[in-house]
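Take a look at the structure set out below.
Residue numbers (the UniProt record's numbering): 1 to 319.
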């Protein structure tokens, strides 16, 4: 081999390496519209009590979620036990395939998982989480929506005036209104898909028998109930956007509220005037663990999701 051939081979290797690296990362930081352009869109079908209707999702989400609806309810440790790194990467890269060839485009747009990749439930669950982790803004995609959910959770939790049943109904109604206020249909339907799926899986764990036929206790440590799923998916609720907000507690009886960490651009005169106005009345703030708050909000959504769906259906029937 001549030096020229060796250089040419090295250049071809670099080009191919960069092409594959770009392909593997083509889904990361894509918004939902971008994911639809890359891998198409398909309908997800959840049982009626877990979704207000069929949901249109990017195919990468639809295929993995539909598989989990069918196979994950009986699987212990789902989303907690990681899948095979090799299989997860192979499945992820399948949906990263460049849409240059007709055959690839047609295959990727299939609403089901590829049959040539041998996957298990934990593999698909890990890939589903990986897709969510790559979304800008996480599952909700909106700090305003997150703020609203924090207010719903903290204020209703603290109010002693409501009975438990009335509180649950009001909470579900407010959550349905908050989610429905989002402009993006893709985002609304993704939220419905994620929390419908998690509620389905969480409920299967919550009602699983704790004793066998002889009254002996069954192992429960690997059951993924509402709390366990909230801990797993809390960090994915708004993703990196949570870093731009500080969750603070002014008065334990008044609930939580969020403020931006980034200071607004004000003149020195405005800052001095604002300081003078609030110096005597401002209460000391207590810092709160933001991830813990996100986990609580996620658990609230999963736990109340069937009631939220009923409210969504009621709202649709009134229109």
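Beta carbons: idealized from backbone N, C-alpha and C, even for Gly.
- A contact between stretches requires three or more CB pairs, one per stretch, nearer than 8 angstroms, and the region 69-87 fails this requirement with the region 137-156.
- For residue 233, the enclosing alpha helix (DSSP H) begins and ends at 226-233.
- Within the same chain, Cβ atoms closer than 7 angstroms to the Cβ of residue 58 are found at 32, 35, 36, 39, 41, the five residues on either side in sequence being excluded.
- Annotation: the region 144-196 contains the following complete segments of the alpha helix (DSSP H) (minimum length 4 residues), in chain order: 164-180.
- Ranked by Cα distance from residue 302, the first of 147, 229, 293, 156 is 229.
- In the structure shown, the three-state DSSP call for residue 28 is coil.
- Between residue 313 and residue 111, the CB-CB gap reaches or exceeds 8 angstroms.
- When 65, 189, 55 are compared, the shortest CA-CA separation from residue 200 is found for 65.
- Each residue's CA atom was taken as its position, placing residue 148 and residue 155 some 11 angstroms apart.
- Between the C-alpha atoms of residue 114 and residue 221 there is a straight-line separation of about 32 angstroms.
- In this structure, residue 190 keeps its C-beta atom at 8 angstroms or more from the C-beta atom of residue 205.
- Under the DSSP assignment, residue 55 falls in the beta strand (DSSP E) whose first and last residues are 55-58.
- One Cα belongs to residue 234, the other to residue 299, and the distance between them is close to 8 angstroms.
- Straight across, the Cα-Cα distance linking residue 311 with residue 227 is about 23 angstroms.
- As a beta-bridge residue in DSSP terms, residue 41 pairs with 58.
- Going by DSSP, residue 123 is part of the alpha helix (DSSP H) stretching over 121-133.
- Of the residues 188, 146, 167, the one whose Cα lies closest to the Cα of residue 243 is 146.
- Membership of residue 87 in the alpha helix (DSSP H) is indicated by the continuous run 85-95.
- In summary, residue 153 is buried, with 16 or more beta-carbon neighbours lying within 10 Å of its beta-carbon over all protein chains present.
- With a contact defined as Cβ atoms closer than 8 angstroms, residue 196 and residue 95 miss out at about 21 angstroms.
- Residue 239 and residue 150 have their C-alpha atoms some 16 angstroms from each other.
- Under the criterion of beta carbons closer than 8 angstroms, residue 68 and residue 125 qualify as touching, at roughly 6 angstroms.
- Counting every other CB atom within 10 Å of its CB across the protein chains shown gives residue 308 a total of 16 or more, marking it as buried.
- Classified as buried, residue 192 has 16 or more neighbouring CB atoms from the shown chains inside 10 Å of its CB.
- Taken through DSSP and simplified to helix, strand or coil, residue 71 comes out as helix.
- Around the beta carbon of residue 30, 16 or more other beta carbons sit within 10 angstroms, so the residue counts as buried.
- When DSSP states are grouped into helix, strand and coil, residue 48 belongs to the helix group.
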